[in-house]
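Data block below; observations after.
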Amino acid sequence: MSVHIGLMIWKEMKQKGMTIVTLSEQLAISKSKIQDIINSKSLDIELLVSISEALKHNFLAYYETGKVFRDLSHEEKRKSSEEIRRLKVLLAEKNKALDLKEKTIQNLSNTISILEKGQLY
Numbered sequence: 086m087s088v089h090i091g092l093m094i095w096k097e098m099k100q101k102g103m104t105i106v107t108l109s110e111q112l113a114i115s116k117s118k119i120q121d122i123i124n125s126k127s128l129d130i131e132l133l134v135s136i137s138e139a140l141k142h143n144f145l146a147y148y149e150t151g152k153v154f155r156d157l158s159h160e161e162k163r164k165s166s167e168e169i170r171r172l173k174v175l176l177a178e179k180n181k182a183l184d185l186k187e188k189t190i191q192n193l194s195n196t197i198s199i200l201e202k203g204q205l206y
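Last residue of the sequence shown: 206 in the numbering used here, with the numbers rising by one and none dropped.
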């Protein structure tokens with residue numbers, strides 16, 4: 086899917102009634118740079134995020150259906166699943182250690198109780 090992002094930005098500017106001057110002031114860049122952006126088929130991601138914030142519109146959404154984002158999404162899901170499995174194992178180990186500590190505390194409490202009773206007699 087080919088997106089002419091500059092055209093999408095221009096359409097959103099027109100829809101919101103924003104001029105090149107206003108956007109250039111909000112982004113602290115020159116009017117000619119805004120004109121270059123409008124004519125661009127692609128943009129730096131940081132610049133696109135700044136423009137998205139200024140226009141209150143998610144321009145990244147135009148790319149999310151593309152193969153790159155699908156591949157990233159699958160990779161992120163795979164990594165997340167691995168991390169969840171790792172954390173579950175770690176949690177189980179921590180729970181076992183906690184149970185063991187609780188049993189140790191109970192045993193020590195019982196021992197103290199027995200020793201205290203022995204001192205009373």
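Every residue gets a Cβ at the ideal spot worked out from N, C-alpha and C, and that includes glycine.
Hey, how far is the Cα of residue 179 from the Cα of residue 107?
56 angstroms
Can you tell me the Cα-Cα spacing of residue 165 and residue 188, whole angstroms?
34 angstroms
Which residues in the same chain as residue 109 place their Cβ atom closer than 8 angstroms to its Cβ, once the five residues preceding and following it in sequence are excluded?
115, 116, 118 and 119
Residue 111 to residue 136 span [Cα, whole Å]
9 angstroms
Beta carbon of residue 94 nearer than 9 angstroms to that of residue 130:
no
Cutting at 8 angstroms between CB atoms, please list the residues of its own chain near residue 190, excluding the five before and the five after it.
none
If residue 128 and residue 145 are in contact, beta carbons under 8 angstroms, what's the gap, nearest whole angstrom?
The pair is not a contact, with the Cβ atoms about 11 angstroms apart (cut-off 8 angstroms).
Counted within 10 angstroms of its Cβ, other Cβ atoms place residue 91 as buried (16 or more) or exposed
buried
Work out the CA separation of residue 177 and residue 184 for me, nearest whole Å.
10 angstroms
Residue from 103, 172, 200 and 203 with nearest C-alpha to residue 140
103
Just curious, the alpha helix (DSSP H) that residue 104 is in, first and last residue?
Residue 104 -> no alpha helix (DSSP H), and no H or E assigned at all.
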